[in-house]
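Data first, discussion second: the structure below is written as structure tokens.
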Amino acid sequence: MKTRLFTLIVALTAATLLLTGCFSSKHATKGKKGDNTVLATEDPFKDTDEVTINFKNMKDKEWESPLDGAKVISPFGGKRPNHKGTDIKTKAKDKVRAAFKGTVTFSGQMSGYGNVVFISHLTGLETRYAHNSKNLAKKGDKVKPGDVIALEGKTGNATTEHVHFETRIGGQPFDSELIFDHKKNELRKVKLTAKKKNGTIDIKVK
Ligand SMILES: [Zn+2]
């Protein structure tokens, strides 16, 4: 009788270990190191040539400054035509926050960007936060505006701690100053229109 009970306990323990092993290995595949795939972002031009995002209607709780109290140290484009983002700076390891609600489509390392987080929002809007000392959000995470997604750093192609903040629509980068007043750390009350013509995307705000 005792031997049977012992066998049962051994079998149960083995089964538990096996199951736990299965679950943890399955969990580990999500956003694992070296996973450099990016989740798909909605194509806003799938059924139309023109999309609009009305930031005028956005309530205060629907947006957040990506780096509160930051100063712009390098604008979009400018003297560096290939500069696809706005460089904003506070101090090392400061909290980097999701600008809008969305889904994390990438969290990892990428050439030039260093540690970077991509977030896909509604209407094909995407934001990217680069050079982080550490990424906190994981691929597939649903985030709210203001959620801390990373810590400020100088990984990748950066000489000082800052956040390279990128805004894109339909994959096309545009100046984040169009929708954010980085001096005031505020969202601008504007209506953004993106028109797709002959493969190029023209972005304007009113
Ligand atoms: Zn930059």
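Everything in the sequence shown is counted per my numbering, starting at 1 for the first residue and increasing by one. For glycine and all other residues, C-beta sits at the position ideal for the given N, C-alpha and C.
CA nearest to the CA of residue i, picked from the options
i	options	result
residue 64	102, 195, 135, 108	102
residue 36	78, 77, 117, 62	117
residue 159	169, 171, 112, 55	112
residue 62	100, 198, 38	100
residue 127	136, 141, 176	176
residue 206	48, 52, 38	52
residue 180	42, 49, 85	85
residue 137	89, 96, 186	96
residue 130	123, 90, 110, 144	110
residue 216	74, 144, 155	Lying before the first or after the last residue shown, residue 216 is absent from the chain, which here runs from 1 to 206.
Cβ of residue i within 7 Å of any chain C Cβ
i	result
residue 97	Structure shown: chain C not included; a single protein chain is present.
The beta strand (DSSP E) enclosing residue i, as first and last residue numbers
i	result
residue 174	172–174
residue 130	125–132
residue 118	114–120
residue 177	No beta strand (DSSP E) holds residue 177; DSSP gives it neither H nor E.
residue 190	Segment: none, residue 190 is in no beta strand (DSSP E) and carries neither H nor E.
residue 80	No beta strand (DSSP E) contains residue 80, which DSSP labels as neither H nor E.
residue 202	200–205
residue 87	86–89
residue 151	148–151
residue 74	71–74
residue 95	95–97
residue 162	Careful: residue 162 lies outside any beta strand (DSSP E) and carries neither H nor E.
Residue i: CB within 6 Å of a non-hydrogen atom of ligand 2
i	result
residue 131	Questions concerning ligand 2 fall outside what the structure shown contains, since the ligands it does hold are ligand 1.
Task: Residues proximal to ligand 1 by C-beta, any heavy atom closer than 5 Å - done: 85, 87, 164
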